[in-house]
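**Q**
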Amino acid sequence: MKNISRLRYFIYFSLIIIGGCTTGKKALQKGDYDASVLKAVGRLQNSPKNAEATQVLSTAYNLALQDHLRRIEEAKLAADPFKWESVIYDYQKINQLADEINSCPACLNVVANPSKYIKELTDSKYSAAVARYDSGLALLQQNDRLSAKKAYYEFEKAQNFYPNYKDAKAKMEDAYWAAVTRVVVQPILVNSRIYKLSADYFQQQIDNFIGDYQKNKFVLFYSEQQASSQKIRPDQVLSLNFDDFVVGETYVKERVEKLKRDSVVMGETRDKKVIYGTVKATLSIFDKKVSSSGLLDLTITDWQSQKIIRQQKFPGTYIWQDSWASYKGDERALNNQQLMMCRRRETVPPPPGALFLEFTKPIYNQLVNDITYFYNNY
Numbered sequence: 001m002k003n004i005s006r007l008r009y010f011i012y013f014s015l016i017i018i019g020g021c022t023t024g025k026k027a028l029q030k031g032d033y034d035a036s037v038l039k040a041v042g043r044l045q046n047s048p049k050n051a052e053a054t055q056v057l058s059t060a061y062n063l064a065l066q067d068h069l070r071r072i073e074e075a076k077l078a079a080d081p082f083k084w085e086s087v088i089y090d091y092q093k094i095n096q097l098a099d100e101i102n103s104c105p106a107c108l109n110v111v112a113n114p115s116k117y118i119k120e121l122t123d124s125k126y127s128a129a130v131a132r133y134d135s136g137l138a139l140l141q142q143n144d145r146l147s148a149k150k151a152y153y154e155f156e157k158a159q160n161f162y163p164n165y166k167d168a169k170a171k172m173e174d175a176y177w178a179a180v181t182r183v184v185v186q187p188i189l190v191n192s193r194i195y196k197l198s199a200d201y202f203q204q205q206i207d208n209f210i211g212d213y214q215k216n217k218f219v220l221f222y223s224e225q226q227a228s229s230q231k232i233r234p235d236q237v238l239s240l241n242f243d244d245f246v247v248g249e250t251y252v253k254e255r256v257e258k259l260k261r262d263s264v265v266m267g268e269t270r271d272k273k274v275i276y277g278t279v280k281a282t283l284s285i286f287d288k289k290v291s292s293s294g295l296l297d298l299t300i301t302d303w304q305s306q307k308i309i310r311q312q313k314f315p316g317t318y319i320w321q322d323s324w325a326s327y328k329g330d331e332r333a334l335n336n337q338q339l340m341m342c343r344r345r346e347t348v349p350p351p352p353g354a355l356f357l358e359f360t361k362p363i364y365n366q367l368v369n370d371i372t373y374f375y376n377n378y
């Protein structure tokens, strides 16, 4: 059995090696010249005298080089202002093939001096940066938020292609602030001293959310205090108000059950014989529910036009429950669960402030999901 297991392992391991060391001939036949070169290089690194890999590398490299150079020339003739990005891609591919061959001594016997286009690649990146920079300037001049957002990414691409190109970094900053939507969040007003502490906690949860919001860098939230101290002119105002809320509506329901149990030991006779009988009881079960609910209104208004951009309402409900029981009659008519209920006493419900906080929890979850969804791609 051990020999069979070793044989299976050897076969499996051999298949992995063979599969990982193809000569690249199939890729060459399919016209995938880059893949053919890379596979041939890999084979020659493991088997420097492999004749098939040597032949494949020689053929595939020449075809790959000519294919990339052809694409580069075609791209340069195109009218597309962003054609240089295609040129960059092909130069990078050519240089990558050269690097792979240079890392393989046996491959250098086949392709002695693989071509590298370092200056051409740098020049192409410069031209690509120019195109993106000019596009960003044109977009920025349109003086609207969406165009400024696009301009931001154009300047960012220019920076990536050619770091420190002109004032691309400064223009990127200008575009960002032109694209940003500043949202002032008004505090929730609850005209009740009883619920003030809980309402303040609910408000703090919202403040924490907007303070940590990072889903869309082009949306900035400010509290009224922050906006005032920083002299922020808002683009939008987000207001939150309870249309209505009710705390502590109490409902008590009583259910009465007639209980009877037969064959209960009642005692015994003088001659010690057990006497069986029937016992009865009336069980009263009390179910108490304390309901608290509210409806929060979210309104987002454009600061300049005063038009409502979005309005949503979020309901929330919390029901506190309690159960207990009492009985009249013979307790032997009750089962263990019923006896336990009878030993319980009515529980005092949570204070109003705690009930208020509980019904706002589902409201908070709906609220933050809606705000996130609305502003994520704004």
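Under UniProt numbering, the residue at position 144 of the sequence shown is numbered 144, and the numbers go up by one with no gaps.
Quick reminder that beta carbons are idealized off the backbone N, C-alpha and C, glycines included.
Specify, as a first and last residue, the run of the alpha helix (DSSP H) that T301 falls within.
**A** It is not in any alpha helix (DSSP H) - T301 instead sits in the beta strand (DSSP E) that spans 274-302.
**Q** In the DSSP output, which residue or residues are listed as bridge partners for K258?
**A** Partner(s): T282.
**Q** Strictly by DSSP, which residues pair up with E249?
**A** In the DSSP output, where bridge partners are listed per residue, E249 has S291.
**Q** In whole angstroms, give me the CA-to-CA distance for L296 and D243.
**A** Taking the straight line joining both Cα atoms gives about 6 Å.
**Q** In chain order, what are the residue ranges of uninterrupted alpha helix (DSSP H) at least 4 long that sit wholly in the segment 166-213?
**A** As far as the segment 166-213 is concerned, its whole alpha helix (DSSP H) runs of at least 4 residues are 168-179, 196-212.
**Q** Could you give the first and the last residue of the continuous alpha helix (DSSP H) run that contains K76?
**A** Segment 51-77, the alpha helix (DSSP H) holding K76.
**Q** Go ahead and label Y251 buried or exposed: buried means 16 or more other beta carbons lie within 10 angstroms of its beta carbon, across all protein chains shown.
**A** Result: exposed.
**Q** Of all the options R255, Y176, I210, which has the alpha carbon lying nearest to the alpha carbon of F218?
**A** It is Y176 whose Cα lies nearest to the Cα of F218.
**Q** Would you kindly report the start and end of the unbroken alpha helix (DSSP H) that includes V368?
**A** Start and end: 352-375.
**Q** So what does Q312 bridge to, in DSSP terms?
**A** Looking at the DSSP assignment, Q312 forms a beta bridge with L298.
**Q** Any idea what DSSP makes of residue 400, helix, strand or coil?
**A** Residue 400 lies beyond the stretch modelled for the chain, which goes from 1 to 378, so this question has no answer here.
**Q** Give the DSSP-derived three-state secondary structure of S239 in the structure shown.
**A** Reduced to three states, the DSSP call for S239 is strand.
**Q** If you follow the beta strand (DSSP E) that V219 is part of, which residue opens it and which one closes it?
**A** Here the beta strand (DSSP E) through V219 covers 219-223.
**Q** For S292, which of I206, F359, P234 has the nearest alpha-carbon?
**A** Measuring from the Cα of S292, the nearest candidate turns out to be F359.
**Q** State buried or exposed for G277, treating a residue as buried only when at least 16 other CB atoms are found within 10 Å of its CB.
**A** Exposed, because fewer than 16 other Cβ atoms sit within 10 Å of the Cβ of G277.
**Q** So the candidates are A40, A129, N109, G136; which of them puts its Cα closest to the Cα of D174?
**A** That would be G136, whose Cα lies nearest to the Cα of D174.
**Q** Kindly confirm or deny that the segment 258-272 and the segment 214-231 touch, where touching means at least three C-beta pairs closer than 8 Å.
**A** No, the segment 258-272 is not in contact with the segment 214-231.
**Q** Tell whether a beta-carbon distance below 7 Å holds between V237 and T301.
**A** Yes, Cβ-Cβ distance for V237 and T301 is below 7 Å.
**Q** When burial is assigned at 16 or more other CB atoms within 10 Å of the CB, is E74 buried or exposed?
**A** With fewer than 16 Cβ atoms within 10 Å of its Cβ, E74 is classed as exposed.
**Q** According to the Cβ coordinates, are N95 and K116 closer than 7 Å?
**A** Closer than 7 Å, so yes.
**Q** Quick check: what's the CA-CA separation for G294 versus L339?
**A** So the alpha carbons of these two residues sit roughly 38 Å apart.
**Q** I believe A40 touches A51 by the beta-carbon criterion, under 8 Å. Please report the beta-carbon distance rounded to the nearest angstrom.
**A** That pair is no contact at about 11 Å.
**Q** How would you call K125, buried or exposed, if buried means at least 16 neighbouring beta carbons within 10 angstroms?
**A** Buried: at least 16 other Cβ atoms inside 10 Å.
**Q** Looking at the C-beta of I206, does it have a partner C-beta in chain D at a distance below 7 Å?
**A** Of the chains in the structure shown, none is chain D; there is only one protein chain.
**Q** Would you decide whether M266 is buried or exposed? Buried here means 16 or more other CB atoms lie within 10 Å of its CB.
**A** Result: exposed.
**Q** Is the beta carbon of I206 less than 7 Å from the beta carbon of Y222?
**A** For I206 and Y222, no; Cβs fall outside 7 Å.
**Q** Rank S326, K313, F356 by C-alpha distance to the C-alpha of D370 and give the top, closest one.
**A** Of the listed residues, the one whose Cα sits closest to D370 is K313.
**Q** Count the other CB atoms within 10 Å of the CB of D90; is the residue buried (16 or more) or exposed (fewer)?
**A** Buried is the call here.
**Q** Which residues in the same chain as E156 place their Cβ atom closer than 7 Å to its Cβ, once the five residues preceding and following it in sequence are excluded?
**A** Closer than 7 Å at the Cβ level, and outside the excluded window around E156, lie M172.
**Q** Can you tell me whether D80 sits near the ligand SAH, meaning its C-beta is under 6 Å from at least one heavy atom of the ligand?
**A** Looking for the ligand SAH in the displayed structure turns up nothing, as the structure carries no ligands at all.
**Q** Could you give the distance in angstroms between the alpha-carbon of L220 and the alpha-carbon of K149?
**A** Their Cα atoms are separated by approximately 14 Å.
**Q** Assuming the contact rule is C-beta atoms closer than 8 Å, R145 and T181 should be a hit. Round their C-beta distance to whole Å, please.
**A** Indeed they touch by this definition, with Cβ atoms about 7 Å apart.
**Q** Who pairs with A98 in a beta bridge, going by DSSP?
**A** Per DSSP, none; premise fails for A98.
**Q** Short of 6 Å in beta carbon distance, which residues of its chain neighbour K361, apart from the five on each side in sequence? Order them along the chain.
**A** Here the set comprises nothing.
**Q** Indicate whether S198 and L357 have their beta-carbon atoms separated by less than 7 Å.
**A** Yes; because the gap between Cβ atoms is below 7 Å, this pair is in contact.
**Q** Quick check on DSSP: helix, strand or coil for A148?
**A** Reduced to three states, the DSSP call for A148 is helix.
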